[in-house]
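Q: So for the sequence shown, the UniProt record's numbering puts the first residue at 1; every next one is plus one.
Beta carbons: idealized from backbone N, C-alpha and C, even for Gly.
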Amino acid sequence: MKRFFLFTFVWIFFITNAFCNNRIDSLLNISQKQTGKEYLYTYLKIAEDFSYGNNGDTIVYYSKICHSKALELHDDIAQLKALFYWSCGLYSSRKYDNSLEKVEQVIHISEKLNRPREILQAYYLKARNYQGSKQYDLSILSFQEAYRYSVSLFQSENREFASKYYHGILKQLTYSYWYAAKLHDGIDFFHNEININASFSENLLRSYYTNISFLYNRGIDIKQAERYLLKAAEISTKEGNTNHIYMDQAYLGALYANMGRYQKAIKHYENAFQIAKNEKSSNKISYIILNLGICYDANGNLKKGVNLIFDGIEYFIKNNNKAAEAKAYQHLGRLMIKWHNFKDADQYLHKAIHMHKELNFPYLAITDYTNMVLSKYSQTDKDSTNYYLNILKNEADKHNATSGKCAYYINKSLVNLNFNKNPRAAYVNLKRADKFCSTLKSTALSTYINKAYGDYYLMKDSLLQAKRHFSIAWAKRNSLLMLVDRSNIAQSLSEVYKSLNQTDSAYIYLQKADSINKKIHHREDVLMLYQKDNDFKVLQAREKQKVLTKENKKLFDRILLIRAFYIILCISLISLLVIYMKKRTRRLKTEIQIKESAQEKLKQQSQIDKTTIEKNNELLKIKEETIEQLKEKLANNQTAFTTEEEVNELEALLSAKLTTEEDWDNYLQLFTKKNPNFIPTLKIRYQNLSRNEIKIFTLIKLGLTTREMSGILMISPSSVNTARYRLRKKLKLEGDQKLEDIIEEMIMQIQV
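1. Please confirm whether any heavy atom of the ligand SAM lies closer than 8 Å to the CB of C570.
2. Would you identify the three-state DSSP class for S236, choosing helix, strand or coil?
3. Taking the alpha carbon of A401 as the reference point, which residue from L510, R117, A433 and Y149 has its own alpha carbon closest?
4. Tell me, please, whether the CB atom of N420 is closer than 9 Å to any CB atom in chain B?
5. Note the first and the last residue of the continuous alpha helix (DSSP H) segment covering L699.
6. Can you tell me whether W178 is helix, strand or coil according to DSSP?
7. What does the alpha-carbon distance come out to for the pair A640 and E625?
8. Can you give the beta carbon distance from L349 to H356, rounded, assuming they're within the 8 Å contact cut?
9. Three-state secondary structure (DSSP) at W339?
10. Could you check what DSSP says for K460 in three-state terms: helix, strand or coil?
11. Exposed or buried, K284, counting other C-beta atoms within 10 Å across all chains shown (16 or more means buried)?
12. Given V496, which residues of its chain have a CB within under 7 Å of its CB, disregarding the five upstream and five downstream residues?
13. Just how far apart, CA to CA, sit residue 787 and G454?
14. When you compare only the Cα positions, how much space is there between I560 and Y580?
15. With distances taken from CA atoms, which of A452, A233 and A328 is nearest Y427?
16. Taking 9 Å as the cut-off, decide whether the C-beta atoms of Y85 and S68 are in contact.
17. Can you give, in chain order, each stretch of the alpha helix (DSSP H) that sits fully within the segment 364 to 439 and has at least 4 residues?
18. What is the rounded straight-line gap between the Cα of T551 and the Cα of D557?
19. Can you list, in chain order, the residues of its chain whose CB lies under 7 Å from that of T174, leaving out five sequence neighbours each side?
20. Going by the beta-carbon positions, is the gap between L739 and R726 smaller than 9 Å?
21. On a CA-only basis, which of T242, S281 and Q249 is nearest Y269? Give me that one, please.
22. Take Q226 and list the residues in its own chain whose beta-carbon comes closer than 7 Å to its own, dropping the five residues that flank it on each side.
23. Can you check whether the CB of L290 is closer than 9 Å to the CB of E324?
24. Measuring straight from C-alpha to C-alpha, what distance separates Y296 and Q79?
25. Taking T612 as the reference, which of I567, N666 and E600 has the closest Cα?
26. Taking the beta carbon of H244 as the centre, do at least 16 other beta carbons fall within 10 Å, making it buried, or is it exposed?
27. What ranges does the alpha helix (DSSP H) occupy inside the segment 41 to 113, keeping only unbroken runs of at least 4 residues that lie completely in it?
28. Is the beta carbon of N478 sitting closer than 9 Å to the one on A513?
29. With a Cβ-Cβ cutoff of 9 Å, do Y130 and L100 count as a contact?
30. How far does the alpha helix (DSSP H) with Y251 in it extend, from its first residue to its last?
31. Where does T705 fall in DSSP's three states?
32. Can you tell me where the alpha helix (DSSP H) with E118 in it begins and where it stops?
33. Cα-Cα, which of Y509, M709 and P680 is closest to residue 757?
34. Return the Cβ separation of G253 and A272 in integer angstroms, given the expectation that the two are a contact with Cβ distance under 8 Å.
35. With H, G and I counted as helix, E and B as strand and the rest as coil, what does DSSP make of I317?
Given below as structure tokens:
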């Protein structure tokens, strides 16, 4: 079990990193064993690998090391490459001015060393820096410079390399013309280049056609956009380049969808779809499926359109293409809004918002919020509309999304007009929206703005102004998602013409409004055609179940880890407690054994002392008796001795043996060991007792008779009685009190 948890821990925190940047890690390992130029070129390879990503600080870090090493080794080529990667890193970090400084150095060194490839790359990066810093005029000039240099390389050995950059340069140049709102200048430039370079290969000419078509399609001339795009498609079909064929067919589908010619759009999307399926390209398939579904719906085949989007979602889930799945939910939500199925619309849009945020696609999430505002506005839910409007504004400001800001001010003006009845505030917001729309060149947004202007002037009773804006909006009605918006434009025009007494025109627009309303009223019948709706819900439920199962497994593993941690913690604490208790028990047991041993020793010593006292008392008794017998014998047999001196000497000898203080000291010492508190208590209680009086108390304590006491004290029994009497008098005892009573009282006190 421990191995399992250890493995899990290692897997979570370390194994994931083992598969990241394998190539770069291997290069770093190799560089540790290298020196000089080998070390330098390995680090240049690392900087080059990082330069294809967005980690600008990392690119700059390795490029600086390479540049420093190149200067040290006097390697001009390495210095050139290091400077180029350095400028790429600064561009990725959006430090455009610093990047431009490095690019200029790259151009200077490249020209000095005659390195055409590096010169072309530097020109291109220089233009991208101007484009990133929104200096579009300078970016146009720089892209033109890069373009002309790439053309000059077509006649050299670098033709293939130049051709790759050629397509990218033209594409970015087209974008710069669009960003700078210089569409006509861009169109003139490409017309001029087509005339000059008519001898170029058809593949290169195709790039001119696709880019000029892009510019025409930005609201200039959609017919010309179609013409040039068809030319590009003809070239790609002739060459048999499937990638170019797919791109041209997809662009034609988008172009015709924008023109409202959905049948043609479907045809070209189907062609592109077939190529995408043959290539099994998930990204291409996702793009075509979503746009095909919208075109089928716009062409009146809602059933096929919705089913196609359902098929797409199923395909995206199967291939784990979260981005395409989120986009599909977005389109599905928009279709539901169009057909006033707001409940499903809100559900799909919430799903799209969640997934786009999870995937870190803020601009797509902003589009989702715009659609949520449209849904709530269509339901006349003022509070929810304002709620999502505030979110839309915050997100648009946070990410500086021009389209989001434009959508916010358009919808805010509609709220001011229809909910708040405040035309002045609506007009201010429309002016702001118009400003952003002029940058975006969006037909749909422009149509919404004209419709809102028409509502404003109608509220102000400026009928001619209202008529002008409504007419512009009606001309571009197909760009509007909501059928109800198209119907409202027709009704508003009918009302304006009626107020202007132009009844024929009023009746015509009223009929058109009724025709659109019939489609809206029959939406429930149309929505019943969802053959795959139930299957799709089952699929969603299964996918949701999979996600829940996965989350539950993660939760279970987490709970298992937590439980294992607490079990290990509890076992550790219990083990520590057991070890502590064992040590404590062992210590207490040792202390008890020591105390028991000491008590046993005291008991043994006490027994020895008691035996010794008893023996000494016995010896004293025997000695006394012996002495008495000797005295008697001596008294009765004095004649046995020859002289009186011999008798006196014997008596003195016997008296000396009984009256020595050493014997008494030994005796009292033994008595104190046996009765440790007796003599001290006696002295405390009766402080003026003499040594002999203490001797009498000890002898009384031993329970000796007067005769025995007289023998031990070496005095007569009458002297013992006299000593007892004096002691009673000294202690001031009553007549009926005895010395034995005092001793017994003391013993009881000591025991207590």
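A: Short version:
1. For the ligand SAM, the structure offers nothing, since it holds no ligand at all.
2. helix
3. A433
4. Absent here is chain B; the protein component of the structure consists of one chain.
5. R691 to K701
6. helix
7. Note that A640 scores a pLDDT of 44, beneath 50, so its modelled location is shaky; the value from the coordinates is reported in the next line. Using only the alpha carbons, I get a separation of about 21 Å.
8. Wrong, their Cβ atoms sit about 10 Å apart, outside the cutoff.
9. coil
10. coil
11. buried
12. L458, L463, A466, K467 and F470
13. Beyond the ends of the chain as shown, which are 1 and 752, falls residue 787; an answer cannot be given.
14. The identity of residue 560 in the sequence shown is Leu, whereas the question assumes Ile. Cα-Cα distance, rounded: 30 Å.
15. A452
16. no
17. 382 to 399 and 402 to 418
18. The question names Thr, but residue 551 is Glu in the sequence shown. Straight-line Cα distance between these residues: approximately 10 Å.
19. G186, N211, F214 and L215
20. no
21. Q249
22. As written in the sequence, residue 226 is Glu, which differs from the Gln given in the question. Cβ neighbours of E226 beyond the five flanking positions: L255.
23. It is worth fixing the name first, because residue 324 is Ala in this sequence and not Glu. Yes, the Cβ-Cβ distance between A324 and L290 is below 9 Å.
24. 57 Å
25. N666
26. buried
27. 56 to 73, 76 to 92 and 96 to 113
28. no
29. yes
30. T242 to M259
31. coil
32. P116 to G132
33. No answer is possible for residue 757: it lies beyond the span of the chain, which begins at 1 and ends at 752.
34. 6 Å
35. helix
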